[in-house]
Amino acid sequence: MDLINISEFDSSHDLLLPPFMSHIDVDKSVHRHEERHRKIREQLPRQPNYSMRSELKRLKTHWAQDPLSGCSPKELASAGFYKTGLENSCQCFCCGLVLCRLSISPTPLERHKKFNPSCAFIQGKDAGNIPIYDIRVQPKEIDPIDVKVSMENEQTRLQSFTCWPVYASIKPCELAETGFFFTGTGKMVKIDVKMDGAKYRTILEENLLESAKDLRLGQKFVFQQENDPKHKAKSTMEWVTNKRIQELEWPSQSPVLNPIENLWKELKTAVHKRSPSNLTELELFAKEVWARISVFRCTKLIETYHKRLAAVIEEKGGATKY
4 MDLINISEFD
14 SSHDLLLPPF
24 MSHIDVDKSV
34 HRHEERHRKI
44 REQLPRQPNY
54 SMRSELKRLK
64 THWAQDPLSG
74 CSPKELASAG
84 FYKTGLENSC
94 QCFCCGLVLC
104 RLSISPTPLE
114 RHKKFNPSCA
124 FIQGKDAGNI
134 PIYDIRVQPK
144 EIDPIDVKVS
154 MENEQTRLQS
164 FTCWPVYASI
174 KPCELAETGF
184 FFTGTGKMVK
194 IDVKMDGAKY
204 RTILEENLLE
214 SAKDLRLGQK
224 FVFQQENDPK
234 HKAKSTMEWV
244 TNKRIQELEW
254 PSQSPVLNPI
264 ENLWKELKTA
274 VHKRSPSNLT
284 ELELFAKEVW
294 ARISVFRCTK
304 LIETYHKRLA
314 AVIEEKGGAT
324 KY
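When we follow the numbering used here, the leftmost residue of the sequence shown carries the number 4, and every step to the right adds one.
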């Protein structure tokens with residue numbers, strides 16, 4: 004769709020000028036403005052600008068807007084537009100549509116739908132938009148893929164990224180090449196007794212291999228656990244060995260690098276806000292929050308993982324901001 008040669012002037016209505024302005028050639032004036040708008044659009048990038056996914060960030064670009072403008076900054080930001088810095092133009096973060104005339108009617112959202120109805124943001128698709136009031140709806144569950152499918156093959160891993168967000172800064176091919184595939188959040192298990200070595204081994208027996216099958220790993224996975232005494236108990240280590248599970252070597256007194264810790268913190272905060280009154284509600288709220296962790300959040304943790312590693316190395320194993 005051509006988003007350069009559009010006209011923001013309504014040709015269906017004749018412009019009525021007062022007598023003292025009757026000498027003005029309206030058509031010529033409109034043409035002159037349209038040509039200037041076209042040149043502005045040609046100077047701006049035509050691909051998505053995912054750095055402007057945040058509605059709040061878009062809103063801040065409009066704070067210095069002309070007070071006589073017909074559009075409110077809130078309307079523009081919520082319609083996907085941020086100010087470009089070229090005259091009074093604004094651009095959609097998703098489709099790249101540029102508006103140069105900011106009038107009261109039609110609204111920015113109406114003009115967005117008119118000029119580019121195929122914009123993913125306008126269609127309500129996951130374009131990465133982060134609303135000021137971020138309410139996420141849990142997507143419909145996808146039918147599980149045959150667990151027999153092996154993830155040893157790089158092409159198979161790459162195919163698992165079908166629902167990978169287009170706005171993610173890291174590419175699926177890079178993740179697949181280094182051994183990763185896309186699954187989402189795993190299984191959450193309730194522990195209703197005091198944790199010890201025997202209970203921990205039972206959890207592994209009942210959940211580890213089953214989860215590996217659900218994630219289409221088979222036996223080809225590396226198990227990571229920290230050096231907690233329960234993890235390193237003799238019975239636990241014997242079970243891991245007997246099941247031929249490959250375990251990642253983990254140094255003592257190592258910094259916590261697993262991104263799951265970030266999700267645990269967010270889970271606890273979200274559950275605390277709902278003020279569960281008993282253990283049943285606590286379990287229910289925890290599972291609900293866990294199931295609604297967004298793809299965006301998981302993606303963000305993966306994208307920043309290399310920064311975490313670099314920060315730990317720089318601090319020589321000490322504490323970091325992560």
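Every residue gets a Cβ at the ideal spot worked out from N, C-alpha and C, and that includes glycine.
What first and last residue would you give for the alpha helix (DSSP H) that runs through Gln158?
-> Taking the first residue of the sequence shown as 1, we reach residue 158 at position 155. Per DSSP, Gln158 belongs to the alpha helix (DSSP H) from Glu157 to Gln162.
Would you call the CB atoms of Leu304 and Asn265 closer than 8 Å?
-> Stepping through the sequence shown from its first residue, residue 304 is reached at position 301. Stepping through the sequence shown from its first residue, residue 265 is reached at position 262. Taking C-beta atoms as the reference points, Leu304 and Asn265 count as a pair closer than 8 Å.
Using three-state DSSP, classify Val259 as helix, strand or coil.
-> Counting from one through the sequence shown, the residue named residue 259 turns up at place 256. Looking at Val259 - three-state DSSP - the assignment turns out to be coil, as it is neither helix nor strand.
Tell me, to the nearest whole angstrom, how far the beta carbon of Lys193 is from that of Glu286; I am working on the premise that it is less than 8 Å.
-> Taking the sequence shown and counting its residues from 1, one reaches residue 193 at position 190. Taking the sequence shown and counting its residues from 1, one reaches residue 286 at position 283. That belief holds up - the Cβ atoms of Lys193 and Glu286 are roughly 5 Å apart, short of 8 Å.
Contact under 8 Å by Cβ, Pro111 with Leu100 = Sequence index remark: in the sequence shown, residue 111 carries index 108 (1-based). Sequence index remark: in the sequence shown, residue 100 carries index 97 (1-based). The answer is no: Cβ separation not under 8 Å.
Reduced DSSP category for Ile7 - H, G, I as helix; E, B as strand; rest coil = Indexing the sequence shown from 1 puts residue 7 at position 4. The answer is coil: DSSP assigns Ile7 none of H, G, I, E or B.
Residue from Phe185, Leu212, Glu155 and Glu180 whose Cα sits closest to the Cα of Phe164 | Translated into the one-based positions of the sequence shown, residue 164 becomes position 161. Closest by alpha carbon: Phe185.
What did DSSP end up calling Lys86 once you bin it into helix, strand or coil?
-> As a first step, residue 86 must be located in the sequence shown, where it is residue number 83. Here Lys86 sits in strand by DSSP.
Throw me the rounded Cβ distance for the Glu229 and Trp267 pair, which I believe falls under 8 Å.
-> For the purposes of this step, residue 229 is identified with residue 226 of the sequence shown, where counting begins at 1. For the purposes of this step, residue 267 is identified with residue 264 of the sequence shown, where counting begins at 1. Contact between Glu229 and Trp267 is absent: CB atoms are separated by about 13 Å, not below the 8 Å threshold.
Secondary structure of Ile316, DSSP reduced to three states = As a working note, residue 316 is residue 313 in the sequence shown. Helix, per DSSP.
Where do the N-terminal and C-terminal ends of the beta strand (DSSP E) with Cys95 fall, by residue?
-> Here residue 95 corresponds to residue number 92 of the sequence shown, with the count starting at 1. It spans Cys93 to Cys95 - the beta strand (DSSP E) in which Cys95 sits, taken as one unbroken run.
Which of helix, strand or coil DSSP assigns to Gln46 | In the sequence shown, counting from the first residue as 1, residue 46 sits at position 43. Gln46: helix per DSSP, three-state reduction.
Do the segment 81-95 and the segment 112-132 meet, that is, are 3 or more Cβ pairs less than 8 Å apart?
-> yes
Would you grab the beta carbon distance between Arg277 and Ser238 for me? Rounded to a whole angstrom, and I think it's under 8 Å.
-> Residue 277 sits at position 274 when you count from the first residue of the sequence shown. Residue 238 sits at position 235 when you count from the first residue of the sequence shown. With a Cβ gap of about 37 Å, Arg277 and Ser238 do not count as contacting.
With DSSP as the reference, label Glu229 as helix, strand or coil.
-> Walking along the sequence shown from the start, residue 229 turns up at place 226. Here Glu229 sits in coil by DSSP.
Boundaries (first-last residue) of the alpha helix (DSSP H) holding His115 = Reading the sequence shown from its first residue, position 112 is the one you call residue 115. Residue range Pro111 to Phe118 is occupied by the alpha helix (DSSP H) that includes His115.
Rounded to a whole number of angstroms, what is the C-alpha to C-alpha distance between Phe224 and Leu212?
-> Start at 1 with the first residue of the sequence shown, and residue 224 comes out as number 221. Start at 1 with the first residue of the sequence shown, and residue 212 comes out as number 209. Put simply, the backbone Cα of Phe224 is about 10 Å away from that of Leu212.
Does DSSP classify Ile133 as helix, strand or coil?
-> Taking the first residue of the sequence shown as position 1, residue 133 is located at position 130. It is a strand residue.
In angstroms with no decimal places, state the Cα-to-Cα distance between Asp30 and Ile43.
-> As a position in the sequence shown, residue 30 is number 27, starting the count at 1. As a position in the sequence shown, residue 43 is number 40, starting the count at 1. Using only the alpha carbons, I get a separation of about 20 Å.
With respect to the alpha helix (DSSP H) encompassing Asn245, which residues constitute its N-terminal and C-terminal limits?
-> Here the question's residue 245 lines up with position 242 in the sequence shown. Its alpha helix (DSSP H) spans residues Lys237 to Asn245.
Would DSSP call Glu250 helix, strand or coil?
-> Within the sequence shown, numbered from 1, the residue matching residue 250 stands at position 247. Glu250: strand per DSSP, three-state reduction.
Sequence-distant residues of its chain with Cβ nearer than 7 Å to Met4 (five each side left out) | Taking the sequence shown and counting its residues from 1, one reaches residue 4 at position 1. Excluding residues within five positions, the ones whose Cβ falls inside 7 Å are Asn119 and Ser121.
Using the C-alpha atoms, what's the distance from Val292 back to Pro262?
-> The residue labelled residue 262 in the question sits at position 259 within the sequence shown. The residue labelled residue 292 in the question sits at position 289 within the sequence shown. Going by the C-alpha atoms only, they are around 17 Å apart.
Report all residues from its chain with a CB closer than 8 Å to the CB of Ala314; omit the five preceding and five following residues, and keep chain order.
-> For the purposes of this step, residue 314 is taken as residue 311 along the sequence shown, with counting starting at 1. The beta carbon of Ala314 sits closer than 8 Å to the beta carbons of Thr323, Lys324 and Tyr325 from its chain, once the five residues preceding and following it are set aside; these are given in chain order.
In its own chain, which residues sit with a C-beta less than 8 Å from the C-beta of Pro48, not counting the 5 before and 5 after it?
-> Taking the sequence shown and counting its residues from 1, the one referred to as residue 48 is at position 45. Around Pro48: Gly99.
Does DSSP classify Asp146 as helix, strand or coil?
-> Here residue 146 is taken as the residue at index 143 of the sequence shown, counted from 1. Low local confidence applies: a pLDDT of 43 at Asp146 is under 50, so the model's placement there is unreliable, and no value is given.
Output yes or no for whether 8 Å exceeds the beta carbon distance between Arg247 and Gln222.
-> As a working mapping, residue 247 is identified with position 244 in the sequence shown. As a working mapping, residue 222 is identified with position 219 in the sequence shown. Contact: yes.
Leaving out five residues before and five after Pro76 in sequence, what residues of the same chain have Cβ atoms less than 8 Å from its Cβ?
-> Taking the sequence shown and counting its residues from 1, one reaches residue 76 at position 73. Within its own chain, the residues whose Cβ lies closer than 8 Å to the Cβ of Pro76, once the five positions on either side in sequence are excluded, are Leu62, His65, Trp66 and Gln68, listed in chain order.
Thr181 classed as buried or exposed, judged by whether at least 16 other C-beta atoms fall within 10 angstroms = Counting from 1 along the sequence shown, the entry for residue 181 is found at position 178. Its Cβ having fewer than 16 others within 10 Å, Thr181 is exposed.
Extent of the continuous alpha helix (DSSP H) to which Ser81 belongs | Within the sequence shown, numbered from 1, the residue matching residue 81 stands at position 78. It spans Pro76 to Ser81 - the alpha helix (DSSP H) in which Ser81 sits, taken as one unbroken run.
Around the Cβ of Arg56, are there at least 16 other Cβ atoms within 10 angstroms (buried) or fewer (exposed)?
-> By 1-based counting over the sequence shown, the position of residue 56 is 53. For Arg56, the number of other beta carbons within 10 angstroms of its own is at least 16, and it is reported as buried.
Do you know whose CA, among Glu11, Glu45 and Lys116, lies nearest Thr87's CA?
-> Locating residue 87 in the sequence shown gives position 84, where the first residue counts as 1. Out of Glu11, Glu45 and Lys116, Glu45 has the C-alpha closest to the C-alpha of Thr87.
Buried or exposed by the 16-neighbour rule on C-beta atoms within 10 Å, applied to His309 | Position 306 of the sequence shown, counted from the start, is the residue given in the question as residue 309. With fewer than 16 Cβ atoms within 10 Å of its Cβ, His309 is classed as exposed.
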